[in-house]
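Residue numbers (our numbering): 41 to 549.
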């Protein structure tokens, strides 16, 4: 039978762990005394211990003050639009309801899930319209608010619900599909709480606080850090996303991401998720991009971007080695568009654009962003590497025209074979392919060309800077590169309406 006693003060029973800690402390004190006899000792709590005691007394720092400040400006956005879902659909959900879509073939295509409101299972539709939900936030007291393009685009009606529970009708002022930004304005109010955009770029590791409307719950706050900057997720030509680990879910689209001072550093737009829920990888449009787009939408309702008429690609290390470059930087011109500003200024395929108005160009995405920001009609100076020599050209930036529909190759007839696992035919022998280049009619999936992304229907325009119009010319160019001791050779290839370079290994040829 256990015996319970009340030990006297001189014989208190201490837990074993506490006894061990006391013994260690005693031993350490003794060591200090013997190591430095006569020395003055500070027997107070260590700095770390004192700090721990302070945290225990006052609690850890939180975000409550910031949330109280910014949360009233965040709204839930509810959109009504005509349903495009029929009973024959697969049940994956209406594209508007789920939010943002990504280009077919994007490496993230299987995993990105769009935000909006989930559709009924098995493709069932019980009403002639669809409801979508997202998030947004006021940027001025007169009712202007920001959300995502994919939340409100093609909406019949838009309603917002404030943190105070009031509902208002909103008008879509303008949308920009390329950046997924939309500007709306609430009708019937003039003193709304609002937040401001940050005037700095956040650093990786900075705090981030996301507020939004996940799953239609409204006013939900999550926190994390900026995990990375400058992410390209295949959503559009101007991808420059902040990656954050503050949990976001369906319905957070269009909501703000704040820094620790309550300034908006981004607008949440996409998540990386196999299941559709948060896995700690979300993406936000940077504040500087949003500000630029919103300013134009507010003034004209549309976004106008600069254009110079070039198809470019990022320089890989293989391409850099093929061109004899020390660093894999710049934007490689795959093809200048006929009649465009670049072609008029003498820019040719194979030129490397290294700077715009004196600012270094890191890659093709960086070039696209810099050109887009230039006002049409303005003059831009491009620093180039042309035929191995540096030069500067000036051109007049034009307004970006509408996109052309993609063209697909068809009706190919094979006439010959070439190395690298390719079956080739002269373009002149293939209906609809014109008279320039060599058409890829078949690709060996185990060959080097397949490993480098070449596919049937592609057109090889030149090899090592020389035009090719017959399969034999491709083989000859590869053999010439091998005899010159080269390990790779640049091939300019046309896929649909897009042209790009591929650094192809020549050892197999």
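By construction, the Cβ of each residue, glycine as well, lies at the ideal position given by its N, Cα and C atoms.
Going straight from the alpha carbon of residue 263 to that of residue 420, what length do you get?
-> 42 Å
Residues in its own chain within less than 8 Å of residue 112 by CB, not counting five upstream and five downstream?
-> 202, 203, 204, 233
Roughly how many angstroms separate the alpha carbons of residue 192 and residue 118, rounded to a whole number?
-> 9 Å
Going by the CB atoms, is the gap between residue 369 and residue 389 shorter than 7 Å?
-> no
Are the beta-carbon atoms belonging to residue 291 and residue 256 less than 7 Å from one another?
-> yes
Residue 221 and residue 210: beta carbons closer than 7 Å?
-> no
Between the C-alpha atoms of residue 344 and residue 439, what's the straight-line distance to the nearest angstrom?
-> 7 Å
Can you give me the Cβ contacts of residue 109 inside the same chain, cut-off strictly under 7 Å, excluding the 5 residues immediately before and after it?
-> These residues qualify, in order along the chain: 302.
Helix, strand or coil: which one does DSSP assign to residue 339?
-> helix
Should residue 366 go down as buried or exposed, given a rule of 16 or more other Cβ atoms within 10 Å for buried?
-> exposed
At least three beta-carbon pairs within less than 8 Å, the stretch 416-436 to the stretch 377-391 = Touching, per the Cβ criterion.
Quick one: what's got a C-beta closer than 6 Å to residue 300's C-beta in the same chain, skipping five residues either side?
-> 247
Give me the Cβ distance between residue 494 and residue 517, rounded to the nearest whole Å; I'm assuming they're in contact under 8 Å.
-> Actually they do not touch by this definition, with Cβ atoms about 15 Å apart.
Where are the beta strand (DSSP E) runs, 3 residues long or more, that stay fully inside the stretch 340-414, in chain order?
-> DSSP runs (the beta strand (DSSP E)) wholly in the stretch 340-414: 350-354, 371-376, 392-396.
Return the residue from the list 307, 185, 287 that minimises the CA-CA distance to residue 219.
-> 307
Are the beta-carbon atoms belonging to residue 480 and residue 534 less than 7 Å from one another?
-> no
Which residue spans inside the stretch 251-277 form an unbroken alpha helix (DSSP H) run of at least 4?
-> DSSP runs (the alpha helix (DSSP H)) wholly in the stretch 251-277: none.
From residue 490 to residue 356, what does the alpha carbon distance come to, in whole angstroms?
-> When rounded, the distance between both Cα atoms is 17 Å.
Under 6 Å Cβ to Cβ from residue 73, same chain only, skipping five residues before and after it: list those, please.
-> Residue placement at residue 73 is flagged as unreliable, the pLDDT there being 32, under the threshold of 50; the coordinate-derived value follows with that caveat. Here residue 73 has no same chain residue with a Cβ atom under 6 Å from its own Cβ, once five neighbours each way along the sequence are excluded.
Skipping 5 residues on each side, what residues in its chain have a beta carbon closer than 8 Å to that of residue 239?
-> 303
Cβ-based burial, residue 297 [other Cβ within 10 Å; buried from 16] | buried
Under 7 Å between the Cβ atoms of residue 346 and residue 416?
-> yes
With distances taken between CB atoms, is the gap from residue 401 to residue 373 smaller than 7 Å?
-> no
Could you pull out every residue in the same chain whose Cβ sits closer than 6 Å to the Cβ of residue 270, ignoring the five residues on either side in sequence?
-> 280
With residue 309 and residue 325 assumed to form a contact (beta carbons below 8 Å), what rounded beta-carbon distance in angstroms separates them?
-> 5 Å
Residue from 348, 482, 465 with nearest C-alpha to residue 476 | 465
How big is the Cα-Cα spacing for residue 394 and residue 403?
-> About 9 Å.
Does the distance from the CB of residue 488 to the CB of residue 441 come in under 7 Å?
-> no
Could you have a look at residue 190 and say whether DSSP puts it in helix, strand or coil?
-> helix
If you check the beta carbons only, do residue 522 and residue 543 fall under 7 Å apart?
-> no
Skipping 5 residues on each side, what residues in its chain have a beta carbon closer than 7 Å to that of residue 473?
-> If we look at residue 473 and ignore the five residues flanking it on each side, its Cβ neighbours are 449, 467, 479, 499.
C-alpha gap between residue 382 and residue 409, whole angstroms | Approximately 16 Å, taken between the alpha carbons.
Residue range of the unbroken beta strand (DSSP E) whose run includes residue 213 = 207-216
Going by DSSP, what residues sit across from residue 178 in a beta bridge?
-> 185
When DSSP labels each residue in this structure, what does residue 449 get in the three-state scheme?
-> Interpretation of residue 449 is limited by its pLDDT of 34, a score under 50 that renders its predicted location unreliable; the figure taken from the coordinates is listed afterwards. Secondary structure of residue 449 (DSSP, three-state): coil.
Give a yes or no on whether the C-beta atoms belonging to residue 223 and residue 214 are separated by under 7 Å.
-> yes
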